[in-house]
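Protein chains in written order, with our numbering: chain D, 284 to 785; chain L, 44 to 181.
Given below as structure tokens:
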């Protein structure tokens with residue numbers, strides 16, 4: 284990475300290449316999510332005898348896809364039978380991978396997981412605010428162009444009124460005006476008005492064509508400064524500026540759980556499923572993990588020299604753990620977010636066929652927050668699954684509190700505001716996952732703040748005698764698979780060093 | 044319910060700006076939700092997400108405690124402390140909900156679901172216990 288001069292993008296410097304474990308030494312890994320499976324894979328290569336205990340009956344953890352025929356029961360008992368057509372899926376957890384998450388990209392390649400582009404930024408999606416544009420959705424490019432045009436016009440006006448002379452040299456004044464005219468699509472008088480130039484960004488009344496009526500006609504319905512200052516506009520534009528949201532992004536071919544399955548193949552035979560851990564004890568010689576087989580009810584103690592624990596803190600904090608008081612306090616100090624996702628299967632790709640939307644996200648200020656369109660199988664006939672909600676914070680709490688049927692109804696109602704002609708008409712079936720009610724996670728992601736980082740983070744990631752924690756919660760790349768992997772590499776590297784020193 | 048924006052919109056906008064500093068994978072844009080006012084509304088719009096409509100909680104790999112018939116609600120200080128400051132995986136709602144909303148919610152759970160601790164919790168009771176949230180969260 285450093286050879287390309289982009290070291291600042293990631294802390295990944297290649298796989299850890301651990302070697303020379305003491306003969307016979309063993310590690311027990313708790314959780315078969317990505318952090319746990321990577322730990323097991325690398326530690327096995329280093330020579331450790333490794334076992335993984337997993338609560339669920341499948342590998343991957345939050346790396347998860349739901350398909351037709353799947354059944355999912357959330358806390359509280361509501362059960363959904365997924366009715367998607369063959370080949371269709373919905374990713375309740377992770378769904379997109381930034382190009383700079385190089386740890387994950389590295390292991391996907393190494394483990395033969397095929398990736399394809401994830402359409403992150405689509406200028407032709409919808410932007411909707413109940414407080415602007417008369418409450419009607421507008422195209423993303425139209426709102427963005429009008430925001431930039433209006434801001435450029437105002438700034439040019441200040442420059443020309445000599446309001447910025449103390450901050451801008453004479454030479455830069457001219458260059459700034461030129462930039463504003465070009466970037467903001469202003470006319471010769473530095474006004475943002477209906478013009479073919481503005482239309483080239485925001486769309487035309489009549490687009491350029493061929494023959495007699497080939498000449499384009501400029502769009503005239505420019506949005507007012509007041510409308511484009513609605514925070515929905517700049518937050519939607521700014522969303523794509525964040526490093527984690529910058530394109531290019533990727534997704535696995537065939538569903539996000541292809542990654543979990545790809546990792547699981549590498550640790551085949553090491554995972555014990557349906558294992559509910561209740562206690563982790565340790566002394567100077569080793570670790571003892573008490574777990575119950577949820578299928579048979581049988582309780583067993585599993586012993587090992589070392590333990591890598593990747594259980595989410597929301598669950599871990601309720602267990603009987605033999606760790607320092609400081610570690611226990613750290614585990615209990617980090618609350619979890621509770622996003623809600625809803626996957627709606629539509630009978631046809633009306634967003635492509637009727638609205639020229641191919642992948643990407645439409646934003647709304649309703650609880651569903653967005654609609655995201657599938658990135659694969661474009662132009663195909665037949666049903667397709669779109670993401671009908673990615674609710675967070677207060678929106679997520681409200682949706683999570685509903686029954687699965689109520690959530691679908693709200694998703695249809697709110698989605699219809701963006702796609703009034705087709706949404707209900709084309710709807711076939713849907714599934715929802717409220718992360719606060721996911722039985723094996725009780726939350727989506729660890730939520731640190733400045734205070735908890737300062738007080739607890741170093742304790743949480745530090746080795747507690749023979750136990751080390753790993754997962755997105757033990758990273759500064761929280762809520763991303765990359766964080767889980769980077770944390771895992773760091774944890775096992777330190778564990779290995781400690782084991783050799785012991 | 045009429046859409047009353049106030050806090051929710053401001054919070055959503057500020058969290059959107061915080062996304063650049065490692066906010067995790069999130070939806071983007073602003074979300075405006077109806078503001079719950081009564082205890083029943085706050086319970087339905089927030090608490091129910093985890094504690095369930097019948098307040099009986101749930102059990103999986105871990106447990107979401109039942110609020111129904113829960114003797115820990117006898118004193119008001121404990122539920123106020125938990126609602127405002129959080130506990131384990133449960134986030135604190137100080138800063139997300141107003142003191143008045145938290146007071147309504149705590150009063151509601153203490154007088155429903157088989158709990159009968161009649162004395163209402165006031166905004167002032169919450170103010171005594173709740174502290175402002177730490178910055179930098181996401």
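Glycine is no exception: its CB is placed at the ideal position from the N, C-alpha and C atoms.
Quiz item: What residues of chain D sit near residue 133 of chain L, judged by a beta carbon separation below 7 Å?
Solution: By Cβ distance, chain D contributes 618.
Quiz item: With which residues is residue 589 of chain D paired in a DSSP beta bridge?
Solution: Secondary-structure assignment with DSSP links residue 589 of chain D through a beta bridge to D:310.
Quiz item: Can you list, in chain order, the residues of its chain whose CB lies under 6 Å from that of residue 386 of chain D, leaving out five sequence neighbours each side?
Solution: If we look at residue 386 of chain D and ignore the five residues flanking it on each side, its Cβ neighbours are 295, 765, 768, 769.
Practice problem: Give a yes or no on whether 9 Å exceeds the smallest Cβ distance from residue 178 of chain L to chain D. | Solution: For residue 178 of chain L, at least one C-beta of chain D is nearer than 9 Å to its own C-beta.
Self-check item: Among L:68, L:69, L:72, L:77, the one whose alpha carbon lies nearest that of residue 677 of chain D
Solution: Taking the Cα of residue 677 of chain D as reference, the smallest distance to any Cα among L:68, L:69, L:72, L:77 is reached at L:77.
Quiz item: Which residues, taken in chain order from the segment 102 to 116 of chain L, show a beta carbon closer than 8 Å to some beta carbon of chain D?
Solution: Those residues of the segment 102 to 116 of chain L placed with their C-beta closer than 8 Å to a C-beta in chain D are 102, 103, 104, 105, 106, 107, ordered along the chain.
Practice problem: Please list, in chain order, all residues of the same chain as residue 506 of chain D whose beta carbon is under 6 Å from its beta carbon, the five residues on each side excluded. | Solution: Close CB contacts of residue 506 of chain D within its chain, under the 6 Å cut and outside five residues either way in sequence, are with 429 (chain order).
Practice problem: May I ask you to list the residues that DSSP assigns as paired with residue 628 of chain D? | Solution: Residue 628 of chain D pairs with D:668, D:712.
Quiz item: For the ligand COA, any of its heavy atoms closer than 8 Å to the Cβ of residue 567 of chain D?
Solution: With respect to the ligand COA, the structure shown offers nothing to examine, as it has no ligands at all.
Quiz item: Considering only residues of the same chain and omitting the five flanking positions on each side of residue 422 of chain D, which have a CB-CB separation below 7 Å?
Solution: Closer than 7 Å at Cβ, skipping near neighbours: 407, 409, 486.
Quiz item: Along the segment 648 to 659 of chain D, what residues have a CB closer than 8 Å to any CB found in chain L?
Solution: Within the segment 648 to 659 of chain D, 648, 649, 650, 652, 653 place their CB atoms closer than 8 Å to a CB of chain L, listed in sequence order.
Self-check item: Helix, strand or coil at residue 82 of chain L [DSSP, three-state]
Solution: DSSP, reduced to helix, strand and coil, places residue 82 of chain L within a helical segment of the structure shown.
Exercise. Give the residues from the segment 665 to 680 of chain D that approach chain L closer than 8 Å (Cβ to any Cβ), ordered along the chain.
Key: Per Cβ criterion, the list reads 673, 674, 675, 676, 677, 678, 679, 680.
Quiz item: Any Cβ of chain L within less than 9 Å of the Cβ of residue 342 of chain D?
Solution: By this cut-off, residue 342 of chain D is not an interface position.
Exercise. Tell me whether the beta-carbon of residue 716 of chain D lies closer than 9 Å to the beta-carbon of residue 647 of chain D.
Key: No. Outside cutoff.
Quiz item: Just how far apart, CA to CA, sit residue 552 of chain D and residue 587 of chain D?
Solution: Pairing residue 552 of chain D with residue 587 of chain D, the inter-Cα distance amounts to about 17 Å.
Quiz item: Is the CB of residue 95 of chain L under 9 Å away from at least one CB in chain D?
Solution: So, interface residue.
Exercise. Quick one: using the 10 Å Cβ neighbour count with 16 as the cut-off for buried, is residue 675 of chain D buried or exposed?
Key: Buried.
Quiz prompt | Meets three-Cβ-pair contact criterion under 8 Å: the segment 303 to 323 of chain D and the segment 582 to 601 of chain D | solution = Yes, the segment 303 to 323 of chain D touches the segment 582 to 601 of chain D.
Practice problem: Scan the segment 747 to 770 of chain D for residues whose Cβ lies nearer than 9 Å to a Cβ of chain L and list them as they occur along the chain. | Solution: Here the close residues are 755, 759, 760, 761, 762, 763, 766.
Exercise. Determine the DSSP secondary structure at residue 604 of chain D, reduced to helix, strand or coil.
Key: Secondary structure of residue 604 of chain D (DSSP, three-state): strand.
Quiz item: Expressed to the nearest angstrom, what Euclidean distance is found between the alpha-carbon atoms of residue 775 of chain D and residue 137 of chain L?
Solution: Between residue 775 of chain D and residue 137 of chain L, the C-alpha separation is close to 37 Å.
Quiz prompt | DSSP state of residue 780 of chain D mapped onto helix, strand, coil | solution = Secondary structure of residue 780 of chain D (DSSP, three-state): helix.
Quiz item: Are the beta-carbon atoms of residue 749 of chain D and residue 569 of chain D separated by less than 9 Å?
Solution: For residue 749 of chain D and residue 569 of chain D, yes; Cβs fall inside 9 Å.
Quiz item: So, do the segment 593 to 611 of chain D and the segment 560 to 567 of chain D have three or more beta carbon pairs nearer to each other than 8 Å?
Solution: Counting Cβ pairs under 8 Å, three or more are found: they touch.
Self-check item: Proximity of residue 357 of chain D and residue 555 of chain D at Cβ, strictly below 9 Å
Solution: Not closer than 9 Å, so no.
Exercise. Kindly list the residues whose CB is nearer than 8 Å to the CB of residue 355 of chain D, restricted to its own chain and excluding five residues on each side of it in sequence; keep chain order.
Key: Excluding sequence positions up to five before and after residue 355 of chain D, its CB lies within less than 8 Å of the CB of 349, 362, 363, 365, 714, 716, all in the same chain and listed in chain order.
Quiz item: Along the chain, where does the beta strand (DSSP E) that runs through residue 319 of chain D open and close?
Solution: Secondary structure note for residue 319 of chain D: it is in no beta strand (DSSP E), and the uninterrupted alpha helix (DSSP H) holding it is 317 to 329.
Quiz prompt | Start-to-end residues for the alpha helix (DSSP H) that takes in residue 751 of chain D | solution = Under the DSSP assignment, residue 751 of chain D falls outside any alpha helix (DSSP H), being part of the beta strand (DSSP E) whose first and last residues are 750 to 752.
Practice problem: Give a yes or no on whether the minimum CB-CB distance between residue 119 of chain L and chain D is below 9 Å. | Solution: At least 9 Å separates the CB of residue 119 of chain L from every CB of chain D.
Quiz prompt | Nearest-angstrom Cβ-Cβ length linking residue 36 of chain L and residue 725 of chain D, presumed shorter than 8 Å | solution = Residue 36 of chain L lies beyond the stretch modelled for chain L, which goes from 44 to 181, so this question has no answer here.
Practice problem: Identify, in the order they occur along the chain, each residue of the same chain with its Cβ nearer than 6 Å to the Cβ of residue 420 of chain D, setting aside the five sequence neighbours on each side. | Solution: Here the set comprises 409, 411, 701.
Practice problem: Taking 8 Å as the threshold, find out whether the segment 121 to 131 of chain L comes into contact with the segment 141 to 155 of chain L through three or more Cβ pairs. | Solution: Using a Cβ-Cβ distance cut-off of 8 Å, the segment 121 to 131 of chain L and the segment 141 to 155 of chain L are in contact, since at least three pairs of beta carbons, one from each stretch, lie closer than that value.
Quiz item: In the segment 374 to 412 of chain D, which residue ranges form an unbroken beta strand (DSSP E) of at least 3 residues, counting only runs that do not cross its ends?
Solution: Whole beta strand (DSSP E) segments, 3+ residues: 398 to 401, 409 to 411.
Exercise. Can you grab the Cα-Cα spacing for the pair residue 806 of chain D / residue 465 of chain D, in whole Å?
Key: Any answer about residue 806 of chain D is impossible in this case: the structure gives chain D only from 284 up to 785.
Quiz prompt | Runs of beta strand (DSSP E) lying entirely within the segment 535 to 604 of chain D, each at least 3 residues, in chain order | solution = With a minimum length of 3 residues, the continuous beta strand (DSSP E) runs that stay inside the segment 535 to 604 of chain D are 558 to 565, 570 to 576, 582 to 587, 589 to 592.
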